[in-house]
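In the numbering used here, the protein residues as written are -15 to 198.
Written out as structure tokens, the structure reads:
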């Protein structure tokens, strides 16, 4: 018992010395960098995290480009967005992408070329400028030697006045221009007409500031 008490006393007395020695050899602590402020934060909900913008946008000016996002901020945003997508949507990539498209099936008996001609005629009546076409399935055959892919042709159009108004409100929307309409045959030989879902309700704030309504 006396032996154990002696060991304990020696250990207690030596603690300050050990602490001093440890502090002498320990490398200087690196300053902790404050995390960059994110424009988006998460708010818990019963259905999972919800992304919320932390501050209003800057005062509106025509053709005002938004700030440049850093790679770190994009990474943080994706890390926050992925749980939301998983908890709130819970769908595979094919079904998720389906929500971005508006599509119509051509009536039986209408040929692929007739669908394209009809689209061009309608676009001309609506004053949509035809920019060009990309018969991408031809490249599948010529470059990839793929003879099994169905016919796909991407048509590009532009409403000049609308493009100007959109760019005036949100310059970054240029990445979606020109407007594309896809004519595609599916695995069952059905012909489809597809385009991006231009539901402008997502742009309500910018639209109201620029006096643009859906």
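Cβ atoms here follow ideal geometry from the backbone N, Cα and C, with glycine treated the same way.
**Spatial distance of residue 172 from residue 104 (CA atoms)** = C-alpha separation (whole angstroms): 25 Å.
**Request:** My understanding is that residue 115 touches residue 136, with C-beta atoms under 8 Å, so please give their C-beta distance in whole angstroms.
**Result:** So it is not a contact: roughly 17 Å between Cβ atoms.
**Message:** Going by C-alpha to C-alpha distance, which of 87, 110 and 86 sits closest to residue 141?
**Reply:** Cα-wise, what sits closest to residue 141 is 110.
**Asked** So does the region 121 to 129 actually touch the region 149 to 156, counting three or more Cβ pairs closer than 8 Å?
**Response** Contact between the region 121 to 129 and the region 149 to 156 is absent, because fewer than three Cβ pairs lie under 8 Å.
**Request:** Since I believe residue 100 is in contact with residue 167 (beta carbons under 8 Å), could you give me their beta-carbon distance rounded to a whole number of angstroms?
**Result:** Contact between residue 167 and residue 100 holds: CB atoms are separated by about 6 Å, below the 8 Å threshold.
**Asked** Can you give the Cα-Cα distance for residue 144 and residue 164, rounded to whole angstroms?
**Response** Going by C-alpha positions, residue 144 is about 14 Å away from residue 164.
**Prompt:** Quick one, which of 169, 147 and 170 has its alpha-carbon nearest residue 159's?
**Reply:** Nearest C-alpha to residue 159: 147.
**Item:** Beta-carbon separation (whole angstroms), residue 117 vs residue 138, contact threshold 8 Å
**Value:** Indeed they touch by this definition, with Cβ atoms about 7 Å apart.
**Asked** Which full runs of the alpha helix (DSSP H) of 4+ residues lie inside the region 113 to 193, going along the chain?
**Response** Within the region 113 to 193, the complete alpha helix (DSSP H) runs of at least 4 residues are 120 to 128, 144 to 153 and 188 to 193.
**Prompt:** Where does residue 99 sit, in a helix, a strand or coil, going by DSSP?
**Reply:** Reduced to three states, the DSSP call for residue 99 is helix.
**Item:** Per DSSP, the bridge partner or partners of residue 86
**Value:** Beta-bridge pairing links residue 86 to 179.
**Prompt:** With a Cβ-Cβ cutoff of 7 Å, do residue 182 and residue 87 count as a contact?
**Reply:** With respect to the 7 Å criterion, residue 182 and residue 87 are not classified as neighbours on the basis of their beta carbons.
**Asked** From residue 83 to residue 179, what distance separates their C-alpha atoms?
**Response** Computed Cα separation, rounded: 11 Å.
**Message:** Quick check: what's the CA-CA separation for residue 54 versus residue 61?
**Reply:** Roughly 11 Å between the two C-alpha positions.
**Prompt:** Are the beta-carbon atoms of residue 134 and residue 90 separated by less than 7 Å?
**Reply:** For residue 134 and residue 90, no; Cβs fall outside 7 Å.
**Item:** Own chain, CB closer than 7 Å to residue 130, minus 5 neighbours either side, in chain order
**Value:** Excluding residues within five positions, the ones whose Cβ falls inside 7 Å are 124.
**Message:** I need the straight-line Cα distance from residue 108 to residue 56, nearest angstrom please.
**Reply:** Cα-Cα distance, rounded: 45 Å.
**Prompt:** Near residue 96, which residues of its chain fall below 7 Å by C-beta distance, leaving aside the five closest residues on each side in sequence?
**Reply:** Contacts found: 135, 167, 169 and 175.
**Request:** Assign residue 150 to one of two classes, buried (16 or more other C-beta atoms within 10 Å of its C-beta) or exposed (fewer than that).
**Result:** Residue 150 comes out buried.
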